[in-house]
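Colleague: The structure's right below; bear with me while I get my questions together.
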Amino acid sequence: MAEAVLSIVAEGVLGKLFSLAAEELCSVWGFKKGLKNLAQKLEMIQALMIDAESKQTGSMTVQFWIKKLMAVSFEADNLLDEFAYEISKQKQGSSPLLSLNPTLFRLKLAQKVKSIDDNLERIYKESIDIGLRVSEGAFLGRESTAQLLRKTDPCVVESDVVDRANDVAKIVEILVGSDDGGRDDVEVVSVVGMPGLGKTTVAQLVYKDHSVVRCFDHRMWVCVSEDFNVDRLLVEMVQSLTLAEFAVSNREAIVKKLQQSLNGKKYLLVLDDIWNEDRARWENLRKCLVEIGGCRGSRIMITTRSEEAVAATHSKFAHRLEALRDEEGWALFRQIAFARGGADETPELKAIGRRVAQRCGNMPLAIKTLGGIMYSRNSESEWASIENSMTRASSSSSSSSKSMDAVLSTLRLSYDHLPSLSVRQCFAYCAIFQKDCVMEKDKLVQLWMAQGWLKCSMEDHLLEMEEMGNMVFNVMLRSSLFQDAESDECGNIKTCKMHDLVHDLALQISKDFCLTVDSREVSGEIKAIHLSSICRGEGGVGLNVSKDSLANLRTLYTTGSFDAGLLTSAKHLRVLILDGFGISQLPSSVGKLKHLRYLDVSKTSIKRLPNSITQLYNLQTLRVNNLEDMPRDFHHLLHLRHFYMEDTRNNRRPGLLVGIGKLVSLRTLPFFVVGPNSECQISELGHLSNLKGRLNVYSLENVKHYNAAREAKLWQKENIHTLQLRWHPLGRRGRKESTDEEVLQGLQPHFNLRNLTIEGFLGLRFPPWLLENRLQSLMKITLLSCNGCTQIPTLGHLPNLRVASITEMHNVKHIGPEFYYQTSSNHQSSNSSAVTLFPALRELTLGGMPMLIQWSEPKQQSQTAFPRLETMKIKGCPKLLNLPEMTGLTSLRYLSIVRCDKLASLPEGMGRLASLKELEIMNGSSLAIIPDITGLKSLIKLHVSACEKLVTLPTGLERCDLLENVCVRQCLSLCPEGRGLSQLPHLKELSIGHFSRELDFFPWPSGAATPFASLASLTMYGWPRIKHLPEEIKGLAVLKHLSLREFGVASLPDWLCTLSSIQSMCFTLCASLAYLPSVEAMRRLKNLQRFEIIVCPLLEERCFEGERPEWHKISHIAKVRANYQTIQCLLD
1 MAEAVLSIVA EGVLGKLFSL AAEELCSVWG FKKGLKNLAQ KLEMIQALMI
51 DAESKQTGSM TVQFWIKKLM AVSFEADNLL DEFAYEISKQ KQGSSPLLSL
101 NPTLFRLKLA QKVKSIDDNL ERIYKESIDI GLRVSEGAFL GRESTAQLLR
151 KTDPCVVESD VVDRANDVAK IVEILVGSDD GGRDDVEVVS VVGMPGLGKT
201 TVAQLVYKDH SVVRCFDHRM WVCVSEDFNV DRLLVEMVQS LTLAEFAVSN
251 REAIVKKLQQ SLNGKKYLLV LDDIWNEDRA RWENLRKCLV EIGGCRGSRI
301 MITTRSEEAV AATHSKFAHR LEALRDEEGW ALFRQIAFAR GGADETPELK
351 AIGRRVAQRC GNMPLAIKTL GGIMYSRNSE SEWASIENSM TRASSSSSSS
401 SKSMDAVLST LRLSYDHLPS LSVRQCFAYC AIFQKDCVME KDKLVQLWMA
451 QGWLKCSMED HLLEMEEMGN MVFNVMLRSS LFQDAESDEC GNIKTCKMHD
501 LVHDLALQIS KDFCLTVDSR EVSGEIKAIH LSSICRGEGG VGLNVSKDSL
551 ANLRTLYTTG SFDAGLLTSA KHLRVLILDG FGISQLPSSV GKLKHLRYLD
601 VSKTSIKRLP NSITQLYNLQ TLRVNNLEDM PRDFHHLLHL RHFYMEDTRN
651 NRRPGLLVGI GKLVSLRTLP FFVVGPNSEC QISELGHLSN LKGRLNVYSL
701 ENVKHYNAAR EAKLWQKENI HTLQLRWHPL GRRGRKESTD EEVLQGLQPH
751 FNLRNLTIEG FLGLRFPPWL LENRLQSLMK ITLLSCNGCT QIPTLGHLPN
801 LRVASITEMH NVKHIGPEFY YQTSSNHQSS NSSAVTLFPA LRELTLGGMP
851 MLIQWSEPKQ QSQTAFPRLE TMKIKGCPKL LNLPEMTGLT SLRYLSIVRC
901 DKLASLPEGM GRLASLKELE IMNGSSLAII PDITGLKSLI KLHVSACEKL
951 VTLPTGLERC DLLENVCVRQ CLSLCPEGRG LSQLPHLKEL SIGHFSRELD
1001 FFPWPSGAAT PFASLASLTM YGWPRIKHLP EEIKGLAVLK HLSLREFGVA
1051 SLPDWLCTLS SIQSMCFTLC ASLAYLPSVE AMRRLKNLQR FEIIVCPLLE
1101 ERCFEGERPE WHKISHIAKV RANYQTIQCL LD
């Protein structure tokens, strides 16, 4: 690895030498000749590196020569950085060195240049003495990194998933179907197997399985790895539940937060990659989980390589993954290596591929990694060479660990075949992250860029460093060195992870240069160039190291604590990352880090940056959060390319980013707030021609006219893929609608835009650039609170539109043909050619339209609409009288119609949606009938509530054989009696009730020979007139959970004891309920483990006040709760 680092540094130094030699100031100061001499000597020495690499293994002399050359190369790199820094200061007119004593500055610099020149001369002479020779072809033109990367796949396969359907099905069956046998704590299910088998992949498939999603109210995923710290795990459970940062470290507070979030509901907790074999630690976590509570049936699923860990967790079920069969291994290899754009599937390559897959031990990780290598190689000789490398590696492995050795040797082979030294260095650098860490793609690229590993050659001068970084990232992903890539809604990869074995490889390769430690475990001298310091627990200590040993440090990534004194010694830092909410100040000495290119304090409590930060002229990336203000001369950071600040209301203050338009190198700017005066005018965006990714523009009410909006030059910003344009609702008095129209017209984006949000626009009509066929790449559009518009814009012609959300448009009365196509265009002509409208749309949301009356379809019968629509949500349209026919919605899976009060009927086509899985109809006060649903063959969930005039359930209900979950409530005219509900063969959950309060009996659905044969959960909503429970309940042989609400019963009948499978009972708002079944009846409920009372005052009084006459009937039950508290606590 040393030679790789040296070659990269040498290449970087050469690039800087040539770049600086071309600077005009360099000639003025008299350094041009000296820098060119350095470049020539370094080129000569670099030509010796191939010979040095081949001889270093057996020669300590050569190794020592390489170390000396590396030291000089780093010294030269630092000097040239300082030189470039001073040039930047001179251009800013703020260089104290030059203004006070230019002669002294030039003299010092000349001395350093001469010293390096002398050292290089000495090293070159030593190379001759030790017998190093210029290798043949050393001066021939080499392919650039970019050229090598282009030989690999430019696109990334999203998911190379092994077919583990049988494994997934078995685990799902255990999770959703198993009975925990009366245990008070949460049952554990283990997925066990050696590294590289795909345990995490299988767990992810289980986690996302539809049956699991429906079975559990909450799901949490926590990566454990080697750090089995209970407090950390609890915090990550909170974060997984809330999808937000949670900085509390007090265990009592964490447990309370989890209790509130879970609220006694049924949950699944996945603990991925457990290494802990200590039963005491597991017992500590288990006690916390018992205290947190949760509904009976909650589960923990762990993945682990250790049988001892399975035993420590007292797993009731352990599913052991096996290696793939030969044909499965070959199929996976073939899927990757011969994918589109990859190797040609010739008979010769297929034969080698089959042998290679077997040599991988049929281990998924090894196969995917090797398939990624061979994908970009198309010659038989290259494939044979890789096979021979595997053969040599396997012949030296021990027979007892062939499969494991196959994985490790394949990973090493994948690393060795990365296309260039700089790409290998980029991979090795990932060792600074903790195992199982989620890595942001953009952050990775910016870190590589900060270290100088993404420099482009002269041939690739048009390629930006970020583009080079994306290519490197894609190579890692294709090679399975990165995995678990997560993408945003537009398909842009946002995050990834490294398999723990891959992380081990990165640690091994980088061991001489990257050091990742617990800050309590390191002291004295450190030789690393890149240091990642982790401080776990509260009140962590800082690094106790020799300050002199930090002189060569280029990366400092510290979590938990920070010693500000380190910065005075680590003066050559390129990367500084501070992570810890206990860090509240950044010392002014940070301004002396001339080489710093990447600074991240976003996960600290720092509210102000020191003014000295504006002297960091080499800074490329700055990540901050919740700052009270920015330094006055922030605009001096002319090399800043990426600025990150969380887009929150607190951060969106006018004037916070004054002068941002001067930072012409910016690629990333998360948001821009237009100021009401001369500061922060929208014209500043016009100077930022390099902006990429996402841009949110706020306070557009401060833009006065078309020409001002035009100055933002959004139409020129071809690399912005996500754009939000927002007008604030306040401060609009006296502003004409035409002004908003002019401004929006002037904000026309580039046609590459993929995601557009327009909020608060008060114009009457949308601009031509939205209505016409210009935004061909648009994938998502959100229109929110555009209350001036009377029409929805034309969107049906957009070929790539996948998501459309149109809400809070208060003046729209009709949705007609103009929604689908331009009514003046040829779409309306009478030609008979078929036209597909909204050809790619997957999700449509219409809501918050109080004036909407009618929604009509395209006029031409030859036109089809929404062929790929999967989700449709219509809500908050109280005057809507009709919906369009739905016969063409062949892909629709989810349909929700909520708060459409005037809608008296639904289209007949709704009953023929063969792909529909979930149907939700709520708050339809005029709805009298639901059409025949015989055709809903895929329906799994039906929810009908608050439809006061609905008199009957839809016909054909009994034909929906796949229905598992039905809710019918608050339909005052409905009588659900009849066979429809009761004979559904797979119905598992039923919520029913709140019918006419005039009835004095509960209209129980009946009529089937074996009613509700699969029903496991029943919730009934009654009313005070009902004094008796329907006796049909006692026939529910497999019922596990019973909940009764608002019944007028005074006592519960003894026949409840016939519910032999019941596990939990809950009674809510039953004001008259005072008596439980007899002691004998309650004792016969052998599986009853949870009994809950919520606002049932008479029963509460008789259970645990005074003499407690009912208490002895339930005292044997494991968990009894009243008003969300345990009865035992109340009794204590």
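Heads up, the sequence shown is in full-length UniProt numbering, so the first residue is 1 and it goes up one at a time. The beta carbon of each residue, even a glycine, is placed where N, CA and C say it ideally should be. The model shown is predicted, which means the values in this text are computed figures rather than measured ones.
1) Quick one: what's got a C-beta closer than 8 angstroms to residue 1032's C-beta in the same chain, skipping five residues either side?
2) Have a look at residue 227 and residue 128 and give me their C-alpha separation to the nearest angstrom.
3) Among 697, 682 and 304, which residue has its Cα nearest to the Cα of residue 706?
4) Which runs of the alpha helix (DSSP H) at least 4 residues long sit entirely within the UniProt domain "R13L1/DRL21-like LRR repeat region" (682 to 809)? Give them in chain order.
5) Applying the 10 Å Cβ sphere with the 16-neighbour rule, what's the burial state of residue 320?
6) Taking residue 132 as the reference, which of 190, 171, 55 and 1045 has the closest Cα?
7) Going by beta carbon distance, what residues of the same chain come within less than 6 angstroms of residue 167, once the five residues before and after it are set aside?
8) Identify the residues that DSSP records as bridge partners of residue 1021: which are they?
9) Apart from the five residues on each side of it in sequence, which residues of its chain come closer than 6 angstroms, Cβ to Cβ, to residue 803?
10) Verify whether the separation of the beta carbon atoms of residue 840 and residue 799 is less than 8 angstroms.
11) Distance, Cα to Cα, residue 654 vs residue 582?
12) So if DSSP puts residue 854 in a beta bridge, which residue, or which two residues, is it bridged to?
13) For residue 863, which beta-bridge partners are listed by DSSP?
14) Does the pairing of the stretch 848 to 858 with the stretch 807 to 814 give three or more beta-carbon distances under 8 angstroms?
15) Verify whether the separation of the beta carbon atoms of residue 735 and residue 701 is less than 8 angstroms.
16) What do you reckon, are the CB atoms on residue 505 and residue 415 nearer than 8 angstroms?
17) Taking just the CA atoms, how far does residue 267 sit from residue 69?
18) Which class does residue 78 belong to by DSSP, given the choice of helix, strand or coil?
19) Can you tell which of 174, 121, 717 and 259 has its C-alpha closest to the C-alpha of residue 318?
20) DSSP three-state call for residue 644: helix, strand or coil?
21) I'd like the ranges of any beta strand (DSSP E) spanning at least 3 consecutive residues and lying wholly in the UniProt domain "Disease resistance protein winged helix" (432 to 506).
22) Quick one, are the C-beta atoms of residue 238 and residue 273 less than 8 angstroms apart?
23) Could you please give me the residues that DSSP links to residue 847 through a beta bridge?
24) Could you tell me the alpha carbon to alpha carbon distance between residue 695 and residue 642, rounded to whole angstroms?
25) Quick one: residues in its chain with C-beta nearer than 6 angstroms to the C-beta of residue 1064, no 5 flanking neighbours on either side, listed in chain order?
26) Rounded to whole angstroms, what is the Cα-Cα separation between residue 929 and residue 323?
27) What distance in whole Å lies between the Cβ atoms of residue 120 and residue 72, which are believed to be in contact at a cut-off of 8 angstroms?
28) Could you name each continuous beta strand (DSSP E) segment of 3 residues or more that falls completely within the stretch 865 to 951, going from the start of the chain to the end?
29) Can you tell me the Cα-Cα spacing of residue 1046 and residue 1124, whole angstroms?
30) So, is residue 1001 buried or exposed, given that buried needs 16 or more other C-beta atoms within 10 angstroms?
31) Output the residue ranges of the beta strand (DSSP E) runs that lie fully inside the stretch 545 to 588 and measure 3 residues or longer, sorted by chain position.
32) If the criterion is Cβ atoms closer than 8 angstroms, does the pair residue 292 and residue 243 meet it?
33) Taking contact to mean at least 3 C-beta pairs separated by less than 8 angstroms, is the stretch 336 to 347 in contact with the stretch 210 to 218?
34) Rounding to the nearest angstrom, what Cα-Cα distance links residue 500 and residue 195 in this structure?
35) Check this for me: beta carbons of residue 306 and residue 277, under 8 angstroms apart or not?
36) Would you please state the rounded distance, in angstroms, between the beta carbons of residue 61 and residue 130? I believe it to be under 8 angstroms.
Modeller: In brief:
1) Around residue 1032: 1004, 1006 and 1011.
2) Just so you know, the alpha carbons of residue 227 and residue 128 end up roughly 51 angstroms apart.
3) 682
4) Fully contained in the UniProt domain "R13L1/DRL21-like LRR repeat region" (682 to 809) are the following alpha helix (DSSP H) runs of length 4 or more, in chain order: 683 to 686, 706 to 710, 737 to 746 and 768 to 771.
5) With fewer than 16 other Cβ atoms within 10 Å, it is exposed.
6) The candidate whose alpha carbon is nearest that of residue 132 is 55.
7) 202
8) 993 and 1045
9) 780 and 843
10) Yes; because the gap between Cβ atoms is below 8 angstroms, this pair is in contact.
11) 28 angstroms
12) The beta-bridge partner set that DSSP reports for residue 854 consists of 814.
13) Under the DSSP definition of a beta bridge, residue 863 partners with 835.
14) yes
15) Cβ distance < 8 angstroms, so residue 735 and residue 701 count as in contact.
16) yes
17) 59 angstroms
18) helix
19) 174
20) strand
21) DSSP runs (the beta strand (DSSP E)) wholly in the UniProt domain "Disease resistance protein winged helix" (432 to 506): 483 to 487 and 493 to 497.
22) no
23) Residue pairing of residue 847 in beta bridges, as defined by DSSP: 807 and 875.
24) 12 angstroms
25) So the qualifying residues of the chain are 296, 1041 and 1090.
26) 55 angstroms
27) 6 angstroms
28) 871 to 875, 894 to 898, 918 to 922 and 941 to 945
29) 17 angstroms
30) Burial state of residue 1001 is exposed, judged by a 10 Å Cβ sphere holding fewer than 16 other Cβ atoms.
31) 555 to 559 and 575 to 580
32) no
33) no
34) 8 angstroms
35) At a Cβ-Cβ threshold of 8 angstroms, residue 306 and residue 277 count as neighbours.
36) 5 angstroms
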